[in-house]
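In our numbering, the protein residues as written are 200 to 525.
Quick reminder that beta carbons are idealized off the backbone N, C-alpha and C, glycines included.
Keep in mind it's a predicted model, so treat the numbers as computed, not measured.
Heads up: the structure comes next, in structure tokens.
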Ligand code: AMP
Ligand code: MG
């Protein structure tokens, strides 16, 4: 699985950066393959990025019992670092504006589904019903840097952590004077300054069915984040269950979409909204995108249509004829 992912990542990077001078640096962190193409870096910026990712991982990991997040989930209260406070603030804002389609407090349900364990499985409905009252972001209290959760409530930051990390890396590159870069954290892409030859970065949009890229977009600066049920799932009794949970059912979102890609200035916002739009489904996602106006999206539907928001129509190119783009 990991090898397959690495292969597709290499293809993607080739799509976006074949003619660049600097070779990408690859490593595994935050439960995914990370690649950093930092033009003109002598290795120092890449090393600093690795240190930063490690620091963030120590705070944000849900599988590491020693992480700040795990401690918060155990005790229900914590004084957070500035960065974790900023991340949760951003998450709460996304939650509020999406009517909790993006939901931070899903952990009691996502834990029952077991996506971060070796043996994910369909929970029994009584267990899901029992945790339902805990899953409500309006009950999270963030007062300055002090976060307080209702008794038993827990956070799952998996829908925003990588996008937030990409933003922090981007800030770090500013400090190191790296003007042109392409960062990839799993499905989260962050580009900076276009390519060294003056052309924009070209970013492939993955085929949710694992085939050739659906298409590509061109972008100089910003974040491109894709969410999809294909990224993490399991099959039980011939039914596929994926990892993006609809808070209203506590089951995997069944909104008629295979994937959602959000393009926005910042990674954290693109990440939170790609998850939220996936839960919303086509109609609501497009209406929300139009109403907000500060991000763009590409929706791939279960009947293989590619729906592109107005601001991306000029830059989107379709490659894969399995899909229909009007
Ligand atoms: P992404 O790949 O960004 O869409 O994030 C999916 C991950 O976010 C899952 O693996 C969970 O950790 C978490 N998650 C699942 N459903 C939601 C949701 N509705 N809102 C926020 N986070 C979610
Ligand atoms: Mg997300």
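- The region 482-490 makes no contact with the region 382-389: fewer than 3 CB pairs, one atom from each, lie closer than 8 Å.
- At the C-beta level, residue 388 and residue 404 stay beyond 8 Å of one another.
- The residues 344 and 346, in chain order, have a CB closer than 6 Å to that of residue 279 in the same chain once the five nearest residues on each side in sequence are set aside.
- CA-CA distance, residue 293 to residue 508, rounds to 19 Å.
- Residue 391: member of the beta strand (DSSP E) spanning 387-391, first to last residue.
- Apart from the 5 residues on each side of it in sequence, residue 363 sits with its Cβ closer than 6 Å to the Cβ of 286 and 467 in its chain, given in chain order.
- In this structure, the straight-line span from the alpha carbon of residue 377 to that of residue 239 is close to 7 Å.
- One alpha carbon belongs to residue 357, the other to residue 397, and they sit about 34 Å apart.
- Residue side-chain check: residue 462 keeps its Cβ at 7 Å or more from all non-hydrogen atoms of ligand 1.
- The three-state reading of DSSP puts residue 362 in helix, counting H, G and I together.
- In terms of Cβ geometry, residue 520 and residue 457 do not form a close pair [threshold 8 Å].
- When distances are taken from the beta-carbon of residue 474 to the heavy atoms of ligand 2, the shortest one is below 7 Å.
- Leaving aside the five residues that flank residue 511 on each side, the residues in its chain whose CB is nearer than 7 Å to its CB run, in chain order, 416, 462, 495 and 497.
- Within the DSSP secondary-structure output, residue 228 pairs in a beta bridge with 231.
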